[in-house]
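*Asks:*
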Amino acid sequence: MRAVVYDRYGSPDVLRIEDVEKPLPKEDEVLVKIHATTVNRADVHTREANRGSGLAASALSRLVFGVRRPRRRILGSEFAGEVEAVGPAVTEFAVGDQVFGNSSLRFGAHAEFVCIRESGRMAHMPAGLSFEEAAPITDGALNALMCIKAADLRKGDSILVYGASGAIGTAGVQLARYFGADVTAVCSTKNLELVKSLGADRVIDYTKEDFTKNGQTYHVIFDAVGKLSFRRCLDSLEPGGLYLPTDGFVNLMWALWTPRFGDKKVRFQIPPRQTKQDVLFLKQLIEEGKYRPVIDRCYPLEDVIEASRYVETQQKTGNVVLTINSAT
Ligand SMILES: NC(=O)c1ccc[n+]([C@@H]2O[C@H](COP(=O)([O-])OP(=O)(O)OC[C@H]3O[C@@H](n4cnc5c(N)ncnc54)[C@H](OP(=O)(O)O)[C@@H]3O)[C@@H](O)[C@H]2O)c1
Numbered sequence: 001m002r003a004v005v006y007d008r009y010g011s012p013d014v015l016r017i018e019d020v021e022k023p024l025p026k027e028d029e030v031l032v033k034i035h036a037t038t039v040n041r042a043d044v045h046t047r048e049a050n051r052g053s054g055l056a057a058s059a060l061s062r063l064v065f066g067v068r069r070p071r072r073r074i075l076g077s078e079f080a081g082e083v084e085a086v087g088p089a090v091t092e093f094a095v096g097d098q099v100f101g102n103s104s105l106r107f108g109a110h111a112e113f114v115c116i117r118e119s120g121r122m123a124h125m126p127a128g129l130s131f132e133e134a135a136p137i138t139d140g141a142l143n144a145l146m147c148i149k150a151a152d153l154r155k156g157d158s159i160l161v162y163g164a165s166g167a168i169g170t171a172g173v174q175l176a177r178y179f180g181a182d183v184t185a186v187c188s189t190k191n192l193e194l195v196k197s198l199g200a201d202r203v204i205d206y207t208k209e210d211f212t213k214n215g216q217t218y219h220v221i222f223d224a225v226g227k228l229s230f231r232r233c234l235d236s237l238e239p240g241g242l243y244l245p246t247d248g249f250v251n252l253m254w255a256l257w258t259p260r261f262g263d264k265k266v267r268f269q270i271p272p273r274q275t276k277q278d279v280l281f282l283k284q285l286i287e288e289g290k291y292r293p294v295i296d297r298c299y300p301l302e303d304v305i306e307a308s309r310y311v312e313t314q315q316k317t318g319n320v321v322l323t324i325n326s327a328t
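Residue numbering for the sequence shown is 1 to 328, as defined by my numbering.
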């Protein structure tokens with residue numbers, strides 16, 4: 001099968017398309033013929049061994065994914081496609097079923113086929129969606145859902161979503177709205193209308209206004225793009241308020257420290273907790289018309305380098321999809 005592989009950490013130029021062995025499903029696995037996948041921040045960070053996040057993060061990344069070179073040669077975690085074969089113990093899926101899901105840190109989805117455990121983060125595709133629309137359902141939404149669950153968001157709680165136009169942010173706005181929160185979203189001018197259409201009650205353009213200086217306070221501040229800090233948000237949090245980060249070692253320290261000391265807290269779910277039930281929940285929201293993945297650009301698999309460069313600009317709106325046209 002064709003796959004995008006890499007043998008050393010570095011820029012998008014380390015990626016190339018190669019013929020590799022097609023995986024065989026184990027007893028409890030499903031072999032999926034992939035029609036669409038995505039390039040997301042996890043792919044680009046892992047490909048460069050997280051060197052943009054500092055030495056400690058890079059060392060940890062290499063410990064997990066391979067010290068000298070990547071142990072798993074194929075990136076890509078989100079997928080949508082058709083079941084090609086199933087292991088003998090599989091009961092939930094059958095050959096020909098249309099499925100979508102997320103292989104998480106096992107990656108392997110930038111390829112024509114991937115094997116996923118039946119109990120993994122995979123479900124039948126929501127009715128009426130194309131493969132391109134189904135591939136980006138999980139990445140931003142599972143991350144956003146994990147954060148919002150950690151905040152135990154209730155009806156009427158006020159939440160500010162910072163970076164509301166990214167993969168996690170576009171999902172965060174919709175999920176916060178679904179849970180009945182009062183949503184203030186922050187993004188740049190070009191994304192104001194989109195973010196409003198996702199259900200934000202009000203939108204702040206960060207190129208014109210600094211929300212930390214306008215005197216407003218929120219029960220929850222969700223930094224969906226890793227550009228804020230707990231300290232900077234302190235005055236914008238209500239007493240007992242929560243700060244939800246999506247990355248950063250320093251936030252891990254705050255998450256350990258603030259439950260014991262002080263009134264305002266940082267909640268950071270490490271290790272990440274994302275389940276098959278979460279994927280089924282997202283499928284249900286889509287079928288009820290309460291969630292939609294936002295797609296910025298679609299590239300053919302062959303243009304993976306260009307797609308990765310675009311994701312690295314940190315200016316994508318929602319998600320970037322790769323389409324795979326198999327020869328067989
Ligand atoms: N996606 C993942 O797999 C994953 C997993 C775990 C953690 N994370 C972390 O989660 C964060 C977000 O990931 P993501 O994939 O959702 O990001 P993303 O989609 O790449 O975010 C892009 C968006 O960020 C906005 N943005 C860029 N600079 C900004 C700034 N200074 N202030 C406000 N908005 C800004 C841009 O919108 P404007 O044009 O409006 O500025 C753009 O729409 C990152 O910190 C990442 O490391 C990601």
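We treat Cβ as the ideally placed atom computed from N, Cα and C, and that holds for glycine. If you're wondering where the values come from, they're calculated on a predicted model, not measured in any experiment.
Assign L55 to one of two classes, buried (16 or more other C-beta atoms within 10 Å of its C-beta) or exposed (fewer than that).
*Replies:* It counts as exposed.
*Asks:* Between V279, K290, T317, which has its C-alpha nearest I137's C-alpha?
*Replies:* Minimum Cα distance to I137 is reached at V279.
*Asks:* Could you tell me if M146 is buried or exposed, where buried requires 16 or more neighbouring beta carbons within 10 angstroms of its beta carbon?
*Replies:* When all chains shown are included, M146 counts as buried.
*Asks:* For D157, which option in E21, G140, A176 has the closest C-alpha, if you only look at C-alpha atoms?
*Replies:* Of the candidates E21, G140, A176, the one whose C-alpha sits nearest the C-alpha of D157 is A176.
*Asks:* Taking the beta carbon of W254 as the centre, do at least 16 other beta carbons fall within 10 Å, making it buried, or is it exposed?
*Replies:* By the 10 Å Cβ count, W254 comes out buried.
*Asks:* Can V321 be considered in contact with ligand 1, in the sense that its beta carbon sits closer than 6 Å to one or more heavy atoms?
*Replies:* For ligand 1, not one heavy atom lies less than 6 Å from the Cβ of V321.
*Asks:* So, is I270 buried or exposed, given that buried needs 16 or more other C-beta atoms within 10 angstroms?
*Replies:* Counting Cβ neighbours within 10 Å, I270 comes out exposed, since fewer than 16 surround it.
*Asks:* Can you tell me where the alpha helix (DSSP H) with K283 in it begins and where it stops?
*Replies:* From DSSP, the alpha helix (DSSP H) with K283 extends over 276–287.
*Asks:* Which residue comes first and which comes last in the alpha helix (DSSP H) that contains I159?
*Replies:* That residue, I159, is in no alpha helix (DSSP H); its beta strand (DSSP E) goes 158–162.
*Asks:* Note down the Cα distance separating V44 from G120, rounded to an integer number of angstroms.
*Replies:* The alpha-carbon atoms of V44 and G120 are separated by roughly 23 Å.
*Asks:* Using alpha carbons as the reference points, say which of K264, G166, E21 lies closest to E112.
*Replies:* Ranking K264, G166, E21 by Cα distance to E112 puts E21 first.
*Asks:* Would DSSP call I74 helix, strand or coil?
*Replies:* Here I74 sits in coil by DSSP.
*Asks:* On the premise that V304 lies in contact with K39, defined as a C-beta separation below 8 Å, what is that separation, rounded to the nearest angstrom?
*Replies:* Checking the sequence shown, residue 39 turns out to be Val, not Lys. Their Cβ separation, rounded to whole angstroms, is 7 Å, which keeps V39 and V304 in contact under 8 Å.
*Asks:* Would you tell me roughly how many angstroms separate the C-alpha atoms of K290 and S197, rounded to the nearest one?
*Replies:* Straight-line Cα distance between these residues: approximately 12 Å.
*Asks:* Could you name the residues of the same chain whose beta carbon sits closer than 8 Å to that of L192, not counting the 5 residues immediately before and after it, in chain order?
*Replies:* Same-chain partners within the cutoff: V203, D205.
*Asks:* For R292, I'd like the list of residues in its chain whose CB is within less than 6 Å of its CB, leaving aside the five on either flank, ordered along the chain.
*Replies:* Once the five neighbours on either side are set aside, R292 has no close Cβ partner at all.
*Asks:* Give me the Cβ distance between I116 and N143, rounded to the nearest whole Å; I'm assuming they're in contact under 8 Å.
*Replies:* The pair is not a contact, with the Cβ atoms about 19 Å apart (cut-off 8 Å).
*Asks:* Quick one: give me the first and last residue of the alpha helix (DSSP H) that F211 is part of.
*Replies:* Element bounds for F211: n/a, residue is neither H nor E.
*Asks:* Among the residues of its own chain, which have a CB less than 6 Å from the CB of A49, if the five just before and after it don't count?
*Replies:* Within the same chain, A49 has close Cβ partners Y9, S58, S61, R62.
*Asks:* Is any heavy atom in ligand 1 found nearer than 6 Å to the beta carbon of T38?
*Replies:* Every heavy atom of ligand 1 is 6 Å or more from the Cβ of T38, so no.
*Asks:* Cβ of C298 within 6 Å of any heavy atom in ligand 1?
*Replies:* Incorrect: C298 has no Cβ contact closer than 6 Å to ligand 1.
*Asks:* Does the Cβ-Cβ distance between A85 and T37 come in under 7 Å?
*Replies:* No, the Cβ-Cβ distance between A85 and T37 is not below 7 Å.
*Asks:* Measure the C-alpha to C-alpha separation of P76 and A200 and round it to an integer number of angstroms.
*Replies:* A quick correction: the sequence has Gly, not Pro, at residue 76. Rounded to the nearest angstrom, the two C-alpha atoms are 30 Å apart.
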